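Student: Taking my numbering, the leading residue of the sequence shown gets 20, the next gets one more, and so forth.
Every residue gets a Cβ at the ideal spot worked out from N, C-alpha and C, and that includes glycine.
Treat the numbers as computed from the prediction; the structure is a model and nothing was measured.
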Amino acid sequence: MEQRRFALAMALTLAIWFGWSFFFLPKPQPPKKVEPKPAPTAEEVPAIAEIPGEELPEVKAPPRPKLPGHPRDSDIVLGSADDDSGFFMEVKLTTEGAAVREILLNDKRYCVLHKPGVPLSLVGEVGAPASYLVDHPQASLFFRTLQTSVDVVDKQLEEFKTSLDQLDWKIVDRDPDGKSVSFRINSPDNQFEITKRYALTRFEKEEKDKVENSRDVNSKGYQLALDLTIKNLSDARQTVAYSLQGPVGLPLEDIESSRSKFQDLRMGFLTKDGTVKSGHKTALQVVKEEKSDKVEDWRTPVRYIGVDIQYFAALLIPQEDQNKDSYVAISRPQLLRTAKEEAQSEISVSLTSTPLVLEPGKSVTHKWAMFAGPKREILLDPFDAGTIVDFGFASAIARGMLWLLKFFHFSIGLPWVLSIVALTVLVRACMFPISKKQATSAKIMKALRPKIAEIKKKYGDDKQKFTKAQFELFNRYGYNPFSGCLPLFLQLPIFIGLYNSLNSAVELRMASFLWIDNLAGPDRLMDLPFDIPFLGTNDLNLLPILTTILYIIQSKILAPPAMDEQAEMQMKMMPYMMAFMGFLFYKVPSGLCVYFIASSVWGMAERKLLDRMIPEPKLSDDGPGGGGGGDKGKGKPGGGGLFAKFLALADAAANDAGMQTPPRDGSQPSTNGDGQGDTRTKEKKRRK
20 MEQRRFALAM ALTLAIWFGW SFFFLPKPQP PKKVEPKPAP TAEEVPAIAE IPGEELPEVK
80 APPRPKLPGH PRDSDIVLGS ADDDSGFFME VKLTTEGAAV REILLNDKRY CVLHKPGVPL
140 SLVGEVGAPA SYLVDHPQAS LFFRTLQTSV DVVDKQLEEF KTSLDQLDWK IVDRDPDGKS
200 VSFRINSPDN QFEITKRYAL TRFEKEEKDK VENSRDVNSK GYQLALDLTI KNLSDARQTV
260 AYSLQGPVGL PLEDIESSRS KFQDLRMGFL TKDGTVKSGH KTALQVVKEE KSDKVEDWRT
320 PVRYIGVDIQ YFAALLIPQE DQNKDSYVAI SRPQLLRTAK EEAQSEISVS LTSTPLVLEP
380 GKSVTHKWAM FAGPKREILL DPFDAGTIVD FGFASAIARG MLWLLKFFHF SIGLPWVLSI
440 VALTVLVRAC MFPISKKQAT SAKIMKALRP KIAEIKKKYG DDKQKFTKAQ FELFNRYGYN
500 PFSGCLPLFL QLPIFIGLYN SLNSAVELRM ASFLWIDNLA GPDRLMDLPF DIPFLGTNDL
560 NLLPILTTIL YIIQSKILAP PAMDEQAEMQ MKMMPYMMAF MGFLFYKVPS GLCVYFIASS
620 VWGMAERKLL DRMIPEPKLS DDGPGGGGGG DKGKGKPGGG GLFAKFLALA DAAANDAGMQ
680 TPPRDGSQPS TNGDGQGDTR TKEKKRRK
């Protein structure tokens, strides 16, 4: 009964719920499409200041970084190409990176080789290789001297895919006389301001007249000053660092005859006591270090650093005492471009500054100078770089030769070629006593030939006895067989010194004579239509050929008479040896050939004169002129000393071998009373 009532109640409840939902609840309607309302205009929106009872603070959105940009100007010139302007050089700058495009020397002595009147471009620009641009997509297409990068600024410029050395800087100050110009640029976030000011020294006419040869003594005229300033424009302390590109684009002059002197890094580092320790690194060394990934970083305070070539240099010099306040944290060699001949590659150096801490609104200025000029010690000494003028291992002799040449040229007024001839005459005049002794010895040797023939006939094929007897004969008559080589040995240091002087002294560069336009290089009479085999040049150099011919003639005139077949063979080989030497010296400086030619002509004329002056020697069995010449050479020139020692050593060697040597007084050797001494000696030698 109870279950029926529960089921009936549930059925009535469901019926009432369905009936109510079907007949009385509203049916759902589809959603209406709502049209968007237009945005209110500025007039419809009430200003914040008009809301009563509220005052909100002003909110500034952070400024979006903006790429700095200014008009490009690549024709900014400091100095002048006119040698009478008071400037020593002309500097071409560009707003792109505020860097140096070119430096031209306006001294007429420093024009391009073989192109008189064309100013020498000492510093230029070098195109960046493709491999470098792939690794540095923001870098400039060119390496330019004194390009500058600032770490925090270049990091911001990465967003714009550029860098400080690509952007054009603004010209903010320009001297109308071409003495100075200033460039400026701000960082994209406007927190840093960077300024570069370049300046040249100009000498007034009155000032130039006070100093004789002012171009050779005033180092300031060859220095380009750079003031680099970084200013903090923000309200917070900032730390920055910059990098400076060293000199690039120095020319390789006369590569065929440069004698392996191309571009070298030159550096002078300060020690704690203030002295300068100099060093250098060749382009070939830089290439090898780059290939092996062992490039050396220098962290020593810098006195000067840069690149030099044969006669010129471009060096960066900090203007403050780096032991007290060092600008440079790291100096690093750079390989800019690898040449086919790796020794001729383009190199430079990059300098990274120490971190600079800048307070709000404060700035830091670093003062630099770049020397770009000839390698003269008087110009380099003001910044302790005189040692880069390298005269080689015989520097004392080379400096002496150069001093004499300058004396003949500047004090007496001789042309450079006649100064070399005067130097030759001076050297040969100092050697006249030796030449006279040589001529006397040659006459003695000529008189001794019959006696030497007798000795050779006596001893036959026994070369040991023949040589010993021959030297005894020389000792008795005062003949020195090495006297013919003495003038050659004495002139060898002169040769080396003059060679190094021509190779290093800028004074002799472009010194001309007849068809020769450069005494420091080959004379180049004409160009041949073909390359000379094994020499790699088509230049016809006449002076080495004349030198070789004269040396062959001189060797025939001055050579002593041949003593044996071996000496005769040597004399026959002499012309071939001289021709080979001429082949090796085909590319030597023409000034050196002038010295050789003058020395040969002097030597032959001197020998002819001495042959007439010196009488024929009268030889006797007792020595020249008689009078006890057989007493071991005592009292005769050349009779003792070296030859006495030689004969003593020969006697000792013979005694060690069990041989008996004839006494120097001409008596017979001892036979121990039985007359068999010589036989016993031969028997002992046979047994051994």
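Straight-line CA distance for M764 to A100?
Tutor: This structure does not reach residue 764, given that the chain is present from 20 up to 707, and the question cannot be answered.
Student: When you compare only the Cα positions, how much space is there between Q338 and D546?
Tutor: Rounded to whole angstroms, Q338 to D546 spans 48 Å at the Cα level.
Student: For D711, is the classification buried or exposed, using 16 other Cβ atoms within 10 angstroms of its Cβ as the cut-off for buried?
Tutor: Nothing can be reported for residue 711: it is not among the residues displayed for the chain, which extend from 20 to 707.
Student: Count the other C-beta atoms from every protein chain shown that fall within 10 angstroms of the C-beta of L112, then say buried if there are 16 or more, exposed otherwise.
Tutor: Buried, because 16 or more other Cβ atoms sit within 10 Å of the Cβ of L112.
Student: Would you list the one or two residues that DSSP bridges to H89?
Tutor: Answer is none; H89 lacks a bridge partner.
Student: With a threshold of 16 other CB atoms inside 10 Å of the CB of E223, please say whether the residue is buried or exposed.
Tutor: The residue in question, E223, is exposed, as its Cβ has fewer than 16 Cβ neighbours within 10 Å.
Student: Would you tell me roughly how many angstroms separate the C-alpha atoms of Y614 and V440, rounded to the nearest one?
Tutor: About 6 Å.
Student: Which same chain residues end up closer than 7 Å to P401 when comparing Cβ atoms and leaving out the 5 residues on each side of it in sequence?
Tutor: Around P401: S238.
Student: Helix, strand or coil: which one does DSSP assign to P156?
Tutor: Three-state result, P156: coil.
Student: Mapping the DSSP letters down to three states, classify I474 as helix, strand or coil.
Tutor: Helix, per DSSP.
Student: Please classify V137 as buried or exposed, where buried requires at least 16 neighbouring CB atoms within 10 angstroms.
Tutor: Exposed, by the Cβ-count rule.
Student: Exposed or buried, what is V408 when buried is set at 16 or more other beta-carbons lying within 10 Å of its beta-carbon?
Tutor: Classification for V408: buried.
Student: In angstroms with no decimal places, state the Cα-to-Cα distance between R631 and I513.
Tutor: When rounded, the distance between both Cα atoms is 29 Å.
Student: From what residue to what residue does the beta strand (DSSP E) around F410 run?
Tutor: Segment: none, F410 is in no beta strand (DSSP E) and carries neither H nor E.
Student: Of all the beta strand (DSSP E) runs that stay within the bounds of the segment 278-350, which reach a length of 3 or more residues?
Tutor: As far as the segment 278-350 is concerned, its whole beta strand (DSSP E) runs of at least 3 residues are 283-289, 295-301, 321-327 and 331-337.
Student: Which stretch, first to last residue, makes up the beta strand (DSSP E) that contains I616?
Tutor: First-last for I616: S609 to M632, but that is the alpha helix (DSSP H), not the beta strand (DSSP E).
Student: Could you please give the first and the last residue of the uninterrupted alpha helix (DSSP H) stretch that includes I397?
Tutor: Segment E396 to L399, the alpha helix (DSSP H) holding I397.
Student: Spell out the partners DSSP gives G265 in its beta bridges.
Tutor: None, per the DSSP bridge assignment.
Student: Go to N494, then tell me how far its alpha helix (DSSP H) extends in each direction, as first and last residue.
Tutor: From DSSP, the alpha helix (DSSP H) with N494 extends over K482 to Y496.
Student: Which residues share a DSSP beta bridge with L569?
Tutor: Answer by DSSP bridge pairing: none, since L569 is not bridged.
Student: With distance defined between alpha-carbon atoms, name the residue in D187, E309, M389 and L442 nearest to E365.
Tutor: For E365, the nearest C-alpha among the options comes from E309.
Student: Suppose you measure from the CA of T258 to the CA of A348; what does that come to, to the nearest Å?
Tutor: Roughly 15 Å separates the two Cα atoms.
Student: Does the beta-carbon of Q483 have 16 or more other beta-carbons within 10 angstroms, so that it is buried, or is it exposed?
Tutor: Q483 comes out exposed.
Student: Going by C-alpha distance, which of G405, K280, V131 and E115 is nearest D94?
Tutor: The option with the nearest alpha carbon to D94 is E115.
Student: DSSP three-state label for L521, please.
Tutor: Here L521 sits in helix by DSSP.
Student: Would you mind stating whether G287 and I324 have Cβ atoms separated by less than 9 Å?
Tutor: Taking 9 Å as the Cβ cut-off, G287 and I324 qualify as a contacting pair.
Student: I'd like the ranges of any beta strand (DSSP E) spanning at least 3 consecutive residues and lying wholly in the segment 147-192.
Tutor: Runs of the beta strand (DSSP E) inside the segment 147-192: 161-163 and 167-169.
Student: State the DSSP-derived secondary structure class of E212, mapped to helix, strand or coil.
Tutor: Of the three classes helix, strand and coil, the one that applies to E212 here is strand, per DSSP.
Student: May I have the straight-line CA-CA distance separating K475 from L629, to the nearest angstrom?
Tutor: Each residue's Cα considered, the two are about 30 Å apart.
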